[in-house]
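The opening residue of the sequence shown carries number 39 in our numbering; numbering runs sequentially from there.
We put the CB at the ideal spot given by N, CA and C, even for glycine.
Note that the structure is predicted; figures quoted are calculated from it, not measured.
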Amino acid sequence: MLELVGLAKHYPMRGGLRVRAVDGIDLSIGQGESVGLVGESGCGKSTTGRLVARLQEPTAGHILYRGQDIGHWTRRQLRPIRTEIQMIFQDPYASLNPRHTVGTIIRGPMEVNGLKPPGGLEHRVKELLEIVGLNPEHYNRFPHEFSGGQRQRVGIARALALQPALIVADEPVSALDVSIQAQVVNLLQGLQREMGIAFLFIAHDLAVVRHFSQRVAVMYLGKIVEVADRYSLYGRPRHPYTHALLSAVPDADLDGPPRERIRLAGDVPSPINPPSGCRFRTRCWKAQDRCATEEPALVQLPDNPDGHLTACHFPEDPGTRGADVVLDPALRR
Ligand code: ADP
Ligand code: MG
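Now the structure itself:
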C-alpha cells in the first residue's frame, strides 16, 4: 500500500547548512498493517510522518502510495489522497480548535470534502462519537469540557470521518496520563482490526508499539537501523541501539528474565553534521574503526528471519537481550 524508497527530507538553514532530518529511509506498510516507528526525540519520526501524509515534500526519494509516486504531487493532485491518509497528533489540546464544538470539529473534514453521509452529517458525527467511546449527546460541547484522553478520542473521530485507508499517528498517547494511554491504544487497535485501517504508529519508546504494531522500525538520526516483525525485534534484536531502547522498557512489559539497563551515553548528535559511517557509533559500546569509515547497510543478517533487517557491522548475537550485553562500565546505570 505504501512504500518509502530512499526517502529524505533536509531542512535548509542559514549559511548553506542543512538539517538532515530524514536521510534516506526505506519502509513499507501493507494494507491494514500497523507499522511502528520508534526512536529518541529528534531522530526524524515526525518528519517521516508528515512526508507520508504529504504535509511536506521530500528532498529526495519516493513515496509510493498504491504504486504511484505521490512525493511531488501538487495540492490538486493530492486532493483525493488527502481523504485516504489521515493524521492523529500528539497534542490533543493544540490540534482541536477551542472555539468549535466537537460536532463542528468532526464534521469539518466531511464538509470540506462534500461528503453526504446517509442520515446526514449530525447523525454520522454522533455515530463516530460512539465508535470512539464518547457520548453522542456531547455533540455540542467544546474541547475544554473534555479530559485529555477524551480530546484525543475527538481527534481520532475526526481522523475517521473520511474513512481513511492509512492513519499516521504521531505519538498519539505520549501526552496522556499513563492510566489513559492503554485505553486509547486499545481503541486504535480495535479500529485497525475492525476497519482494516493501516497505521504508521510513531512512538519514542518500544513499550507502546509492542501491543499495537505487527512490524516495528527503529530510527536513529534520520536512518532506520533495524526493522522486523515485532516478535523478532523484541525477541532477538540485533542492533545495539534496539537493545538500548529495549532495556528502557519496563520488565513487566516483556517476557523473560530481568534485563540490565543500558543508559546511552551523551545526547543524539546533531542531524546537521551526523557522524561518519554508522551514525550510532559515537554512543555505541561496540564501535570499532570500521564503524567510522563504512556506513552499515540495512540488510538481513544470516541468522535472522525474512524481513528482519539490521544496519550494523557488529550486531548482537541472536538471542542475547539487554541482560547479556557486555557493557562498558561507563554505560551501566
Ligand atoms: P522526532 O519526531 O523524531 O522528534 P522530528 O522529525 O521532529 O523528530 O525532527 C528531526 C530533526 O529535524 C530535528 O533535529 C528537528 O530539530 C529538525 N526539524 C524538524 N522540523 C524542522 C523544520 N521545520 N525546520 C528545521 N529543522 C526541523
Ligand atoms: Mg516527533
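Across which residues does DSSP place I143 in a beta bridge pair? Here residue 143 corresponds to residue number 105 of the sequence shown, with the count starting at 1. Answer by DSSP bridge pairing: none, since I143 is not bridged.
Excluding the 5 residues preceding and the 5 following L369 in the sequence, name in chain order all residues of the same chain whose CB lies nearer than 8 Å to its CB. Within the sequence shown, the letter at position 331 stands for residue 369. Summary for L369: the model assigns pLDDT 38, below 50, so the residue's position carries little reliability; its value from the coordinates is reported in the next sentence. Cβ neighbours of L369 beyond the five flanking positions: I300, R301, L302, A303 and W323.
Once the 5 residues before and after M51 are set aside, which same chain residues still bring their CB inside 8 Å of it? As a working note, residue 51 is residue 13 in the sequence shown. Here the set comprises V57 and I310.
At least three beta-carbon pairs within less than 8 Å, the region 143–154 to the region 221–235: no
Selection from E332, D243, R92 and D327 that minimises the alpha carbon distance to V76: The sequence position of residue 76 within the sequence shown is 38, counting from 1. The shortest C-alpha separation from V76 is found at D243.
Is S84 near the ligand MG, judged by its Cβ being under 6 Å from some heavy atom? On the sequence shown, residue 84 is found 46 positions in, with the first residue counted as 1. Yes - the ligand MG has a heavy atom lying nearer than 6 Å to the Cβ of S84.
So within the region 69–144, which uninterrupted alpha helix (DSSP H) runs reach at least 4 residues, ignoring any that extend past its ends? 83–90 and 113–122
Given that a residue counts as buried once 16 or more other Cβ atoms are within 10 Å of its Cβ, and exposed if not, what is Y258? The residue you call residue 258 lines up with position 220 of the sequence shown. Its Cβ being crowded by 16 or more others within 10 Å, Y258 is buried.
Could you check if P340 is buried or exposed, using at least 16 other CB atoms within 10 Å of its CB as the buried criterion? Position 302 of the sequence shown, counted from the start, is the residue given in the question as residue 340. It counts as exposed.
According to DSSP, simplified to helix, strand and coil, what is I310? In the sequence shown, residue 310 corresponds to position 272, counting from 1. Note: I310 maps to coil in three-state DSSP.
Could you tell me whether the Cβ atoms of G80 and G44 are closer together than 7 Å? Mapped onto the sequence shown, residue 80 falls at position 42. Mapped onto the sequence shown, residue 44 falls at position 6. Not in contact: G80 and G44 (Cβ atoms no closer than 7 Å).
Quick one: what's got a C-beta closer than 7 Å to P174's C-beta in the same chain, skipping five residues either side? In the sequence shown, counting from the first residue as 1, residue 174 sits at position 136. The answer, listed in chain order, is K164, L167 and E168.
Reduced DSSP category for E149 - H, G, I as helix; E, B as strand; rest coil: Walking along the sequence shown from the start, residue 149 turns up at place 111. DSSP places E149 in helix when its eight states are reduced to three.
If you draw a straight line from the C-alpha of M125 to the C-alpha of S72, how long is it? The residue labelled residue 125 in the question sits at position 87 within the sequence shown. The residue labelled residue 72 in the question sits at position 34 within the sequence shown. In a straight line, the C-alpha of M125 is about 14 Å away from that of S72.
Buried or exposed: which applies to R196, given that a residue is buried once 16 or more other Cβ atoms fall within 10 Å of its Cβ? To locate residue 196, count along the sequence shown from 1; it is residue 158. Classification of R196: buried, given that the 10 Å Cβ count is 16 or more.
Using 6 Å as the cut-off, classify the Cβ of V57 as near or not near the heavy atoms of the ligand ADP, replying yes or no. Taking the sequence shown and counting its residues from 1, one reaches residue 57 at position 19. V57: yes, Cβ under 6 Å from the ligand ADP.
Three CB pairs or more closer than 8 Å across the region 122–140 and the region 193–212: yes
Under 7 Å, do G315 and A330 count as touching if we go by C-beta distance? Taking the sequence shown and counting its residues from 1, the one referred to as residue 315 is at position 277. Taking the sequence shown and counting its residues from 1, the one referred to as residue 330 is at position 292. Yes. Within cutoff.
Distance, A220 Cα to Y131 Cα: As a working note, residue 131 is residue 93 in the sequence shown. As a working note, residue 220 is residue 182 in the sequence shown. The alpha-carbon atoms of Y131 and A220 are separated by roughly 19 Å.
Pick from L89, E332 and G193 that is closest to R145, judged by C-alpha positions: For the purposes of this step, residue 145 is taken as residue 107 along the sequence shown, with counting starting at 1. Answer by Cα proximity: G193.
State yes or no: is the C-beta of V373 within less than 7 Å of the C-beta of R191? It is not possible to answer for residue 373, since the shown part of the chain is limited to 39 through 371.
For the alpha helix (DSSP H) containing K164, name the first residue and the last one. Here residue 164 refers to the residue found at position 126 when the sequence shown is read from its first residue. Here the alpha helix (DSSP H) through K164 covers L159 to I169.
In terms of residues, what are the limits of the beta strand (DSSP E) holding Y258? What you label residue 258 is simply residue 220 of the sequence shown in a count that begins at 1. Counting along the chain, the beta strand (DSSP E) containing Y258 begins and ends at R253 to Y258.
Contained beta strand (DSSP E) runs [length at least 3] in the region 162–250, N- to C-terminal order: 204–208 and 236–241
Residues bridged to K47 [DSSP beta-bridge criterion]: As a first step, residue 47 must be located in the sequence shown, where it is residue number 9. Bridge partners of K47: V60.
Can you tell me the Cα-Cα spacing of R328 and I63, whole angstroms? Numbered from its first residue, the sequence shown carries residue 328 at position 290. Numbered from its first residue, the sequence shown carries residue 63 at position 25. Between R328 and I63, the C-alpha separation is close to 22 Å.
Assign A330 to one of three DSSP states: helix, strand, or coil. Walking along the sequence shown from the start, residue 330 turns up at place 292. A330: helix per DSSP, three-state reduction.
Do I101 and I119 count as a contact pair if the criterion is CB distance below 7 Å? For the purposes of this step, residue 119 is taken as residue 81 along the sequence shown, with counting starting at 1. For the purposes of this step, residue 101 is taken as residue 63 along the sequence shown, with counting starting at 1. Against a cut-off of 7 Å, the Cβ pair of I101 and I119 comes out as no contact.
Can you check which of these residues, F239, E264, R189 and L159, is closest to I205 by C-alpha distance? Stepping through the sequence shown from its first residue, residue 205 is reached at position 167. Closest option to I205, Cα to Cα, is F239.
Under 6 Å: does the beta carbon of Y49 sit that close to some heavy atom of the ligand ADP? Residue mapping note: residue 49 aligns to position 11 of the sequence shown, counting from 1. Flag set: Cβ of Y49 near the ligand ADP.
For D355, is the classification buried or exposed, using 16 other Cβ atoms within 10 angstroms of its Cβ as the cut-off for buried? Within the sequence shown, numbered from 1, the residue matching residue 355 stands at position 317. Exposed, since its Cβ has fewer than 16 Cβ neighbours within 10 Å.
Do you know offhand how far Q252's Cα is from D267's? As a working note, residue 252 is residue 214 in the sequence shown. As a working note, residue 267 is residue 229 in the sequence shown. Answer to the nearest angstrom: the Cα atoms are 6 Å apart.
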